[in-house]
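Scroll down for the structure; my scribbles are underneath it.
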Amino acid sequence: MQDWLQLTEEDLERATSLARSRPQTPGVLAINDKLVITGDDIAHVTPPARPASAILTITLDDLKSLEPDFHPTELIVALEQLMFALVNEARSQNLPGWLGTTKLHWHEGLAAVARGHSADMLRRQYVSHITPDGYSSAQRIERQGIGYVACGENIGIVYGEASHSQQGVHDIHNAFMNQPRSLTNHRGNLLNPVWTHIGIGIAYNPDGALVATQKFISAPGTRLRGR
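The opening position of the sequence shown corresponds to residue 0 in numbering that gives the first Met the number 0, with each subsequent residue numbered one higher.
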């Protein structure tokens with residue numbers, strides 16, 4: 000595939016076709032002491048012991064009742080907004096300015112769905128785009144009445160000391176962006192020009208695991224070109 004900075008009409012058509020034919024859900028990415036592991040064969044979240052000194056204090060209260068109407072703590076919101084800024088910065092640097100979707104709009108409904116999934120994975124000790132009940136990424140969006148033309152999802156987990164600070168968010172983002180240029184991995188999903196909106200949900204286990212779910216949609220009636 001050509002460099003994202005040289006997107007062609009063919010690239011855009013392929014991105015649109017892929018996104019609309021099936022939900023874009025690349026395998027889950029996990030980071031443990033700077034070692035990156037990918038694949039949906041990661042069966043359980045088994046974080047290491049909590050480091051003796053944590054950079055930030057995050058408690059189990061941050062994981063309470065993550066239902067669609069849940070109001071996250073200020074700390075979790077700050078981490079989500081940091082990741083949101085990193086995503087839009089990456090898109091601005093790698094996508095041409097003439098695209099109407101270079102910067103994504105924040106979607107609070109998607110963020111609620113993402114928060115619920117991140118917390119559910121920690122609570123029920125699984126790592127997957129599909130819940131143990133069989134709900135897919137697309138179905139979890141549809142259950143909340145959110146309309147879309149195409150949808151996608153990235154999941155990243157960081158274990159260990161980095162999970163106790165903003166460094167965990169940076170590590171997940173960098174691991175996504177360090178992947179090869181492709182439309183079907185986390186990097187390609189994050190940079191997909193089809194998306195118009197994003198919601199990010201972060202959940203935290205004080206034993207040493209930070210989970211971030213990024214949910215993307217192409218909203219009905221939007222255009223790739225122009226503003």
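The C-beta atom is built at its ideal place from N, Cα and C for all residues, glycine as well. Just so you know, these numbers come straight off a predicted model, no measurement behind them.
Between the alpha carbons of residue i and residue j, how many angstroms are there, rounded?
i	j	result
residue 27	residue 75	21 Å
residue 112	residue 99	25 Å
residue 173	residue 78	15 Å
residue 143	residue 103	20 Å
residue 54	residue 97	Residue confidence for residue 54 is low, a pLDDT of 31 falling below 50, so the modelled location carries little weight; the figure read from the coordinates is stated next. So the two alpha carbons sit approximately 41 Å from each other.
residue 232	residue 121	Residue 232 lies beyond the range of the chain shown here (0 to 226); nothing can be said about it.
residue 154	residue 95	26 Å
residue 115	residue 161	22 Å
residue 125	residue 72	24 Å
residue 214	residue 171	15 Å
residue 180	residue 218	25 Å
residue 56	residue 197	Reliability of the predicted coordinates at residue 56 is poor, the pLDDT of 35 falling under 50, and no value is obtained from them.
residue 107	residue 134	20 Å
residue 157	residue 194	25 Å
residue 119	residue 182	28 Å
residue 169	residue 211	11 Å
residue 68	residue 206	Low local confidence applies: a pLDDT of 40 at residue 68 is under 50, so the model's placement there is unreliable, with the coordinate-based value given in what follows. If I take the Cα positions, the gap works out to 26 Å.
residue 216	residue 136	11 Å
residue 190	residue 89	8 Å
residue 80	residue 138	25 Å
residue 29	residue 185	12 Å
residue 110	residue 93	24 Å
residue 199	residue 209	13 Å
residue 140	residue 101	23 Å
residue 60	residue 201	Model confidence at residue 60 stands at a pLDDT of 45, short of 50, so the residue's coordinates are unreliable; what they give is reported in the following sentence. Roughly 13 Å separates the two Cα atoms.
residue 65	residue 204	Here the model assigns residue 65 a pLDDT of 38, short of 50, so the residue's position is not dependable, and the following value carries that caveat. The straight-line gap from Cα to Cα measures roughly 14 Å.
residue 48	residue 31	With a pLDDT of only 38 at residue 48, under 50, the local geometry of the prediction cannot be trusted, and no value is derived from it.
residue 86	residue 25	17 Å
residue 117	residue 82	14 Å
Based on DSSP bridge pairs, tell me the residues matched to residue i.
i	result
residue 212	154 and 200
residue 135	Partner(s): none; residue 135 has no beta bridge.
residue 128	According to DSSP, which records beta bridges pairwise, residue 128 is partnered with nothing at all.
residue 217	149
residue 105	197
residue 23	151
residue 140	Partner(s): none; residue 140 has no beta bridge.
residue 94	DSSP, once it has assigned bridges, lists no residue as partnering residue 94.
Run the CB neighbour count on residue i, radius 10 Å, all protein chains shown included, and call it buried at 16 or more, exposed below.
i	result
residue 192	buried
residue 146	exposed
residue 91	exposed
residue 84	exposed
residue 187	buried
residue 123	exposed
residue 23	buried
residue 220	exposed
Would a check of beta-carbon distances place residue i closer than 9 Å to chain C?
i	result
residue 106	The chain inventory of the structure shown lacks chain C, comprising one protein chain alone.
Three or more C-beta pairs below 8 Å linking the region 137-152 and the region 166-180:
no
Would the region 157-166 and the region 119-137 be scored as touching if the rule is three or more Cβ pairs under 8 Å?
no
Which full runs of the alpha helix (DSSP H) of 4+ residues lie inside the region 157-190, going along the chain?
166-176 and 185-190
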